[in-house]
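Enquirer: Handing you this structure, nothing more for now.
In the working numbering, the protein residues as written are 27 to 89.
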């Protein structure tokens with residue numbers, strides 16, 4: 027529940043759960059979650075871009 031706007035607020039809408047999913051969750055219907063996400067985008071919310079994969083960490087050399 028958002029009662030007022032906040033600067034740089036992130037709204038997370040979970041992926042919906044389809045009926046064919048073996049772990050179907052009736053509290054997250056796919057069509058409803060997609061409709062909520064589409065409505066937020068229509069209202070001006072921006073989707074977060076995907077980030078590139080981080081470079082693999084290398085262990086420091088011990089001398």
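Where is the CB? At the ideal position from N, CA and C, for every residue including glycine.
Taking the alpha-carbon positions, what's the residue 61 to residue 52 distance?
Expert: Computed Cα separation, rounded: 16 angstroms.
Enquirer: Candidates 80, 67, 82 and 71: which alpha carbon is nearest residue 33's?
Expert: It is 71.
Enquirer: In whole angstroms, give me the CA-to-CA distance for residue 59 and residue 66.
Expert: Roughly 11 angstroms between the two C-alpha positions.
Enquirer: Out of curiosity, what's the CA-to-CA distance linking residue 38 and residue 57?
Expert: Those two C-alpha atoms are separated by around 16 angstroms.
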